[in-house]
Structure formats: C-alpha cells, structure tokens
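A.B. asks: Attaching a single structure in structure tokens format; questions to follow.
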Amino acid sequence: MRIERQPKINLLSYRQEEAELKRQSRRRVLVIAAITVLLIGAAAATWWSQHQQVKALEQENQQLQDQVEDLSKIAASAGGISDEEVKELGSRKALLDKLEEERTFDPEQLEDIYALSVPDITIGKMDIRNGGEITVNAYTDSQSDLIDFLEKLENEDFVKEIQRISSKRNDKTGEISFTLVLTGEVTSK
Numbered sequence: 035m036r037i038e039r040q041p042k043i044n045l046l047s048y049r050q051e052e053a054e055l056k057r058q059s060r061r062r063v064l065v066i067a068a069i070t071v072l073l074i075g076a077a078a079a080t081w082w083s084q085h086q087q088v089k090a091l092e093q094e095n096q097q098l099q100d101q102v103e104d105l106s107k108i109a110a111s112a113g114g115i116s117d118e119e120v121k122e123l124g125s126r127k128a129l130l131d132k133l134e135e136e137r138t139f140d141p142e143q144l145e146d147i148y149a150l151s152v153p154d155i156t157i158g159k160m161d162i163r164n165g166g167e168i169t170v171n172a173y174t175d176s177q178s179d180l181i182d183f184l185e186k187l188e189n190e191d192f193v194k195e196i197q198r199i200s201s202k203r204n205d206k207t208g209e210i211s212f213t214l215v216l217t218g219e220v221t222s223k
C-alpha cells in the first residue's frame, strides 16, 4: 500500500494578505486622524478670527460712546456752543444709536450655541451675517441628536426663529451633515 501525499497549503500568501490589510487600515486611520486635526484647526482659526472682529467692533463702539460722553460734558460746561458743534454732536449720537440698533448678536451667544452642541453635535463652522443671521455647518451620528439640538436652540432666548435646515446622511459612515440658518437677537443676560 502506498500512501498518497496530500499537497501542502501555502499559508504565506494569506499572511501577506492579512499584513497588507492591516497596513491599509492603519493608513486609513492615520489619514482620518490628520483630516480631523486639520478640520478642528480650521474651525478654531475661524472662531478666533470672528472673535477678534467682534472685539474690534466692541472697541470701536466703546470709543464712540466715550466721544459722545466727552462732547456732552463739554457742551454742558461750555454753555454757549455753536450750531456746527450741535450738529456734529447730533450726528455722532445718531451714529451711536444706529450702531446699537444694528447690533444683532453677542459673542457669548456663539459660545452658547457651541455649548448646546457638546457632545453629540460636531460644529465645523459658524458664520454671522448682518441682521443677526447665524449659519451653522455641523454633523452628528444620528437624526435624534439633531432633533435634540434643534429643540435646545428653540428654547434659547436669543434665537428668534430657525429659518432653514438642510441635512444629508452619508450612507457609508452613517453620519448626518447639516446646515442650519437661524435668526438671533441681542438679549440682556
């Protein structure tokens, strides 16, 4: 009786394929991490830039208020002021009133929106336009998190109304990206 030899299974190709799959998944994770870091950096830079613009406008507003107060004191102490000075004082006061009237948001309100989003919503970008319109671009893992976020926003005093919302679900990752446009107003806290 002769025993037939059975062919040997070459496991080397399976091991090489498994090692290649591991390398690819590591690369994918590294790329995703790098993109996430870049997006977070861009969001932080945008927020910082907008915060600096708000600070500059607040300083300009304060300077104008100081000028109005100084002119009022001078006018009260001088007693007899010319018609030109009265017109200048009136125009500055009108400009100050207009700036106060046009002010439609407070920087702390942006921080409040961000605080409402933590931890379920990831905000990519927030833009503020004249008239108090705030646009929020963000994403979340589930539709229920988005609904909860909208309910929290509606309960805030500074939110007049949510004008538009558009969302899109990524079939591969399951994430829901959305753009939200709301109208805000200055509130006294």
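Taking this note's numbering, I'd label the letters of the sequence shown as residues 35 to 223.
Even glycine gets a Cβ: it sits at the ideal position worked out from N, Cα and C.
From a predicted model like this one, the values you see are computed outputs, not experimental measurements.
1) Who are the Cβ neighbours of L98 in its own chain at under 8 Å, not counting the five residues just before and after it?
2) What does the alpha-carbon distance come out to for the pair W81 and S111?
3) So the alpha helix (DSSP H) Q40 belongs to, where does it begin and stop?
4) Where do the N-terminal and C-terminal ends of the beta strand (DSSP E) with S211 fall, by residue?
5) DSSP puts T174 in a beta bridge; with which residues?
6) Measuring alpha carbon to alpha carbon, tell me which residue in E209, V215, V88 is nearest D179.
7) What residue range is occupied by the uninterrupted beta strand (DSSP E) comprising E195?
8) In the DSSP output, which residue or residues are listed as bridge partners for D161?
9) Kindly say whether K56, judged by its beta-carbon, lies nearer than 8 Å to any beta-carbon of chain D.
10) Shortest alpha-carbon distance to L144 belongs to which of Q96, T169, R60, P153?
11) If you measure from the CB of A67, is any heavy atom of the ligand NAP nearer than 7 Å?
12) With H, G and I counted as helix, E and B as strand and the rest as coil, what does DSSP make of E190?
13) Suppose only complete runs of 3+ residues qualify. What are the beta strand (DSSP E) ranges in the segment 84-131, listed by chain order?
14) Alpha carbon to alpha carbon, how far is A90 from I108? Give it in angstroms, no decimals.
C.D. replies: Taking the structure as given:
1) Taking the sequence shown and counting its residues from 1, one reaches residue 98 at position 64. Around L98: R126, L129, L130, L133.
2) Your numbering for residue 81 matches position 47 in the sequence shown. Your numbering for residue 111 matches position 77 in the sequence shown. Their Cα atoms are separated by approximately 45 Å.
3) The sequence position of residue 40 within the sequence shown is 6, counting from 1. It is not in any alpha helix (DSSP H) - Q40 carries neither H nor E in the DSSP assignment.
4) Walking along the sequence shown from the start, residue 211 turns up at place 177. Counting along the chain, the beta strand (DSSP E) containing S211 begins and ends at 210-218.
5) Against the sequence shown, residue 174 aligns to sequence position 140. Note: T174 sits in a beta bridge opposite I155, I210.
6) For the purposes of this step, residue 179 is identified with residue 145 of the sequence shown, where counting begins at 1. Considering only alpha carbons, the answer is E209.
7) Reading the sequence shown from its first residue, position 161 is the one you call residue 195. First-last of the beta strand (DSSP E) with E195: 193-203.
8) The count along the sequence shown starts at 1 and reaches residue 161 at position 127. Its beta-bridge partners are T169.
9) Checking the listed chains, one finds no chain D in this structure; it contains a single protein chain.
10) Position 110 of the sequence shown, counted from the start, is the residue given in the question as residue 144. The option with the nearest alpha carbon to L144 is T169.
11) Within the structure as shown, the ligand NAP is missing, as the structure has no ligands at all.
12) Counted from its first residue, the sequence shown places residue 190 at position 156. Here E190 sits in coil by DSSP.
13) none
14) One-based indexing of the sequence shown puts residue 108 at position 74. One-based indexing of the sequence shown puts residue 90 at position 56. I108 and A90: Cα-Cα distance of roughly 27 Å.
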